[in-house]
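Presented below is the structure to which this report refers.
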Amino acid sequence: MCSERDSGSLSMLFFPFMAQGHILPTLDMAKHFAVRGVKATILTTTANAPLVQPFLARANASLAAYPMSLRLIPFPPGTGLPEGCENVSSFPSQDRAASFFKLFDAAAGLREQFDRVLRELRPDCVVTDVLFPWTYDAAAGLGIPRLVFYGTSFFSLCLNESVLRNRPLESPPANAEALVIPGIPHRIEMLRSQLPGVEMEEFFAQCRPPDSKSYGVVANSFYELEPDYARHYREVVGRRAGHIGPVALCNGDTNADKSARGYEDASGRRDDCLEWLDGKGAGSVLYVCFGSMGEFTAAQLRELALGLEACGHPFVWVARSDGGDDEWVPEGGGRG
C-alpha cells in the first residue's frame, strides 16, 4: 500500500453490501486509504446512512485534509422487500438467511444509479463487495478498474474455489461421511452437511466470473496468518490479490471508534459488559461472535456453551436473540 499521504489526487469509490459485517470493514478499509491521501467516497443506500455517518464524522475529525465523503442512492422500488428493509439487520432474525438472498437479488436494481455515480465521479478505482458482481460490467464499461473486497480469509476463498471447480458432491466416494477437498495446500475433510447447498453454490457461481475478470481482490486478512493460502490464491487460483487486514487496526487505540461501531446496542447490557471487562486482565477475555447471519440449532448452541464453560477462561459471547428457548445460555459463574 502507498505510504502515508503520498498518493496525490487518486480517488476511490467504495461500495459495500448492505450488511453490518460488510459495511464496517469497508469503512475501515476506506479510512486506511484516506489516511494516505486518497480521496475516498463511500456509496450506500439511504436507509444505511445512520450506520455510516457516525463513523465518517469520527474519522474525518482526524482527516481534515483528506476527509471521506458519502454518496447516498435510493433503494429501487418494486423489489418485493418490505419498505425500509435495506440491510440484513432490518429483517426479523428468523428470516435473515432467506432474506439475504432476496436482498442480494434486489441489489442488482441499483445498477442504473451506480452507473450514474460512476459517470459523475469518474474515480480512479472502485472497490465493491463480492456480493455486487454486476458492478464489474458497469466499471469496465467506463474503463475503471474494479477491486473485489472479501471480508473473509484466503483460506475460505481457496476452499470455495476448490468446491466450485471440483464439485465434490457430484461424485462422492460411496458411503463417505467426510469428503476430502482437493487441490488445496492441506488435507481438509468436510462433512457433506458442511458443504454449500444448491442455492449457495448457485450464488457463488454468479459472483465468480466477474471476480475473475476484475483487476484484483483485496481480503481482510494478513499474510502471516495464512501464508500458504495467500500464495495459493495468487499462484494456483491465479488471481491478483492483496491482504490488507486486519482493517479494524485503522482505529488504533481510539476506544470511541471501537465502542461506538454499528447500530445502537439493543441488549441494554453495554455498561454492564464494560464494567465487567474493566475487572479483567489485558488480553485475558475470549470474545465469541458468529454474526447476525450465523444460524445454529439449540443443540449446537448448547455444545458451544458447554465448551465455553469448560475452557476455564472469562468470555463474552454475543449471540442473536430470537425470542425463543434460551436454556443453552451458560451460567458463566462470573466468567461470562
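Position one of the sequence shown corresponds to residue 3 (the numbering used here), numbered consecutively onward.
For glycine and all other residues, C-beta sits at the position ideal for the given N, C-alpha and C.
Everything numeric in this text was worked out from a predicted model, so none of it was measured.
Item to check | G143 burial status per 10 Å Cβ neighbour count (16 or more: buried) | outcome: exposed
Item to check | Residue(s) in a DSSP beta bridge with S71 | outcome: T43
Checklist entry - Between the beta-carbon of F151 and the beta-carbon of T43, is there less than 8 Å? => result no
Item to check | Residue burial classification, Y289 (beta-carbon count within 10 angstroms, cutoff 16) | outcome: exposed
Next on the checklist: Is it buried or exposed, V128, if we count other Cβ atoms within 10 angstroms and call 16 or more buried?
Outcome noted: buried
Checklist entry - Would you call the stretch 146 to 160 and the stretch 224 to 233 touching, i.e. three or more CB-CB distances under 8 Å? => result yes
Next on the checklist: If contact is defined by three or more beta carbon pairs under 8 Å, each pair taking one atom from either stretch, is the stretch 177 to 190 in contact with the stretch 214 to 224?
Outcome noted: no
Checklist entry - Going by other Cβ atoms of all chains shown within 10 Å of its Cβ, with 16 needed for buried, is M202 buried or exposed? => result exposed
Next on the checklist: Please report the straight-line C-alpha distance between V320 and L276, rounded to a whole angstrom.
Outcome noted: 14 Å
Checklist entry - Are the stretch 31 to 51 and the stretch 67 to 82 touching by the rule of at least three beta carbon pairs closer than 8 Å? => result yes
Checklist entry - Leaving out the 5 sequence neighbours to the left and right, which residues in its chain are closer than 7 Å to S164 when beta-carbon positions are compared? => result I183, P184, G185 and I186
Next on the checklist: I need the boundaries of the beta strand (DSSP E) containing T130, first residue and last residue.
Outcome noted: C127 to D131
Checklist entry - First and last residue of the beta strand (DSSP E) that includes V2? => result The requested residue 2 is not part of the displayed model; the chain covers only 3 to 338.
Next on the checklist: Classify R148: buried if its beta carbon has 16 or more other beta carbons within 10 angstroms, exposed otherwise.
Outcome noted: buried
Next on the checklist: Less than 8 Å between C-beta atoms, sequence neighbours within five positions excluded: which residues of the same chain meet that for C313?
Outcome noted: L288
Checklist entry - Over what stretch of residues does the beta strand (DSSP E) that includes R148 continue unbroken? => result R148 to Y152
Checklist entry - Between the stretch 124 to 139 and the stretch 16 to 31, do at least 3 Cβ pairs fall closer than 8 Å? => result yes
Checklist entry - First and last residue of the alpha helix (DSSP H) that includes L53? => result A51 to N62
Next on the checklist: In the DSSP assignment, the beta strand (DSSP E) including V320 goes from what residue to what residue?
Outcome noted: F317 to V320
Checklist entry - What did DSSP end up calling L26 once you bin it into helix, strand or coil? => result helix
Item to check | Cβ neighbour criterion (16 or more within 10 Å) applied to E297 | outcome: exposed
Item to check | Beta-ladder partner(s) of F2, from DSSP | outcome: In the structure as shown, the chain starts at 3 and stops at 338, and residue 2 therefore has no counterpart that could be examined.
Checklist entry - How close, in whole Å, do the beta carbons of D30 and A250 come, if the pair is a contact with beta carbons under 8 Å? => result 5 Å
Item to check | Cβ shell of L120 (< 8 Å), same chain only, five flanking positions each side left out | outcome: L15, V128, A140, A141, L144 and I146
Item to check | Range covered by the beta strand (DSSP E) that runs through A312 | outcome: Run containing A312: none in the beta strand (DSSP E); it sits in the alpha helix (DSSP H), A300 to C313.
Checklist entry - Assuming S13 and D126 make a contact with CB atoms under 8 Å, what is their CB distance in whole Å? => result 5 Å
Item to check | Rounded C-alpha distance that separates M3 from G285 | outcome: A caution first: M3 carries a pLDDT of 47, below 50, which makes its placement in the model unreliable, though a value can still be read off. Cα-Cα distance, rounded: 29 Å.
Checklist entry - In its own chain, which residues sit with a C-beta less than 6 Å from the C-beta of S11, not counting the 5 before and 5 after it? => result none
Checklist entry - What distance in whole Å lies between the Cβ atoms of L105 and R73, which are believed to be in contact at a cut-off of 8 Å? => result 20 Å between Cβ atoms; not a contact.
Checklist entry - Measuring CA to CA, which of A49, S214 and P79 is closest to R236? => result S214
Next on the checklist: Let me check one thing: in DSSP terms, what residues is G244 bridge-paired to?
Outcome noted: V220
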